[in-house]
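A.B. asks: Sharing a structure below in structure tokens format, with a few things to ask.
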Amino acid sequence: MIALSTAPTARAAIDDAIDAVLARLARRLREHGDGARALASAIARSTEGGKRFRPLLVVAAFETLRGREADRTSVYQVAAAFELLHTAFVVHDDVIDHDTERRGVANVGGEFRARGRARGADASGAALLGDAAGILAGDLLLHEASRLIALVDLPSATRSELLSLLEDAVLVSAAGELADVENAVSAGEIDAETILRTTHDKTAVYSFSAPLEAGAVLAGADGPARAALERFGQRLGLAYQLVDDLIGAFGSSEMSGKDEGCDLREAKKTHLIVLARETESWPQVSAALAQAHTGPVAVRAAQRALSASGARARLEELVRETLDEARAIVTASTLPEDCRDMLRDLVDAVQGRVP
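Quick note: the sequence shown uses this note's numbering, first residue 8, plus one each step.
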């Protein structure tokens with residue numbers, strides 16, 4: 008996803024930094040019993056298999072903004088922190104959604120539910136243990152992300168700026184996740200502006216704006232460069248999440264990591280649904296959505312109804328408009344050409360995810 012000449016080297020260095028954190032965590036938990044040791048192992052497995060695009064954004068911004076080679080080790084530490092932050096959010100999100108698997112493999116909660124059953128717990132007890140393990144695993148990962156940045160070998164002012172970026176990422180994402188759940192459980196209709204704000208807050212800051220800005224801080228970039236990256240990240244992050252809404256409704260199981268049509272099965276109130284509600288076809292769409300939880304045939308019927316209503320096409324157009332805004336920010340900026348090229352590649356990569 009990221010055009011970075013040193014991506015394989017950067018990926019290996021980021022992995023090494025994450026492995027060092029996991030090894031330290033395992034050592035610290037070892038003396039606290041079998042359950043704590045199992046939790047450390049589950050946390051380590053939860054970090055495997057990711058694309059690492061968030062930490063690579065940190066490195067990409069640092070390199071294309073011509074950061075000092077002497078700071079490279081610190082860059083990898085900060086980059087690893089953003090991957091740990093992402094993993095923490097994923098683990099907590101699985102608890103919120105009551106998911107026990109991710110991409111076909113038991114997640115932290117799933118592993119500890121099985122652990123509970125193996126120890127004679129009933130279904131309720133096993134679920135309690137699984138949720139507790141997921142919450143605690145996410146908490147530990149959040150702590151380790153903060154610790155990495157707090158201890159990085161950089162001037163105190165730079166470290167303070169990085170900690171502020173991390174704090175903003177956590178706060179905005181938490182607010183977005185809470186709003187998403189509130190929207191889901193609300194009996195009333197949710198307006199499009201609220202859904203879009205929630206969509207932005209869940210992903211844009213921690214996945215795009217903050218990593219890009221972190222790389223800029225590490226490179227010593229000026230205020231206008233940081234501001235351009237922040238604005239770009241916000242638009243790209245919104246587009247990315249809107250594409251995720253399309254994938255959740257129309258994408259394959261390989262794309263979503265869940266069953267096809269997972270958002271339709273779970274009756275999620277995404278922007279796609281808001282757009283469908285605004286059409287004359289809403290009664291037909293609503294009836295189809297009400298049956299989507301029953302299986303693949305009903306999912307496909309709901310997909311056809313959404314497409315026929317025009318909601319899918321309108322959401323795809325919104326994605327295009329948002330990505331065009333991101334491109335315009337790049338064009339209007341005074342960023343180095345290497346950085347502009349990297350950002351344009353990111354826009355193209357998000358566009359390429361549309362199912």
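Note that the Cβ used here is the ideal one computed from N, Cα and C, for glycine as well.
Could you spell out where the alpha helix (DSSP H) holding V304 opens and where it closes?
C.D. replies: Where V304 is concerned, the enclosing alpha helix (DSSP H) stretches over 303 to 316.
A.B. asks: Do A17 and V85 have their C-beta atoms closer together than 8 angstroms?
C.D. replies: Against a cut-off of 8 angstroms, the Cβ pair of V85 and A17 comes out as no contact.
A.B. asks: Provide the residue(s) that pair with E108 in DSSP beta bridges, ordered along the chain.
C.D. replies: E108 pairs with A113.
A.B. asks: Quick one: what does DSSP say L161 is sitting in, helix, strand or coil?
C.D. replies: In this structure, L161 counts as coil in the three-state DSSP scheme.
A.B. asks: Under 8 angstroms between the Cβ atoms of D101 and G116?
C.D. replies: Yes, these two residues count as a Cβ contact at 8 angstroms.
A.B. asks: Mind checking whether L91 and F119 have CB atoms under 8 angstroms apart?
C.D. replies: No, Cβ-Cβ distance for L91 and F119 is not below 8 angstroms.
A.B. asks: Please list the segments of the beta strand (DSSP E) lying wholly inside the segment 193 to 257, counting only runs of 3 or more residues, in order along the chain.
C.D. replies: Those beta strand (DSSP E) runs which fall completely within the segment 193 to 257 and span 3+ residues do not exist here.
A.B. asks: Using C-beta distances below 7 angstroms, list every residue in its chain close to L342, excluding the 5 sequence neighbours before and after it, in chain order.
C.D. replies: So the qualifying residues of the chain are A232, A235.
A.B. asks: Can you give me the Cβ contacts of E323 inside the same chain, cut-off strictly under 8 angstroms, excluding the 5 residues immediately before and after it?
C.D. replies: Contacts found: L253, V361.
A.B. asks: Which whole-angstrom value describes the C-beta separation of A369 and G255, a residue pair presumed to lie in contact below a C-beta threshold of 8 angstroms?
C.D. replies: Past the edges of the chain, shown from 8 to 362, lies residue 369, and the structure says nothing about it.
A.B. asks: Nearest by alpha-carbon distance to A24: which of A45, F215, T54, H39 is it?
C.D. replies: Cα-wise, what sits closest to A24 is T54.
A.B. asks: Determine the direct distance from the alpha carbon of R238 to that of S180, and round the result to whole angstroms.
C.D. replies: If I take the Cα positions, the gap works out to 17 angstroms.
A.B. asks: Please name the residue, chosen from G145, A128, V224, that lies closest to A164 on a Cα-to-Cα basis.
C.D. replies: When each option's Cα is compared against that of A164, the closest is V224.
A.B. asks: Cα-Cα, which of S171, A318, G40, S193 is closest to A283?
C.D. replies: Minimum Cα distance to A283 is reached at A318.
A.B. asks: Only counting the same chain, and skipping five residues up and downstream in sequence, which positions put a Cβ closer than 7 angstroms to that of V326?
C.D. replies: Excluding positions up to five away in sequence, the list reads A246, L249, V250, V361.
A.B. asks: I need the DSSP call for G359, collapsed to helix, strand or coil.
C.D. replies: Three-state DSSP puts G359 in coil, outside helix and strand.
A.B. asks: Whose CA, out of I336, G359, A295, lies closest to the CA of G258?
C.D. replies: Checking every option, the nearest Cα to that of G258 belongs to G359.
A.B. asks: Keeping to the same chain, check which residues put their C-beta closer than 7 angstroms to that of T286; ignore five residues upstream and five downstream.
C.D. replies: The answer, listed in chain order, is S316, G317, A318.
A.B. asks: Please go through the same chain and pick out, in chain order, the residues whose beta-carbon is closer than 7 angstroms to the beta-carbon of D138, but skip the five residues on each side of it.
C.D. replies: Result list for D138: V102, G116, in chain order.
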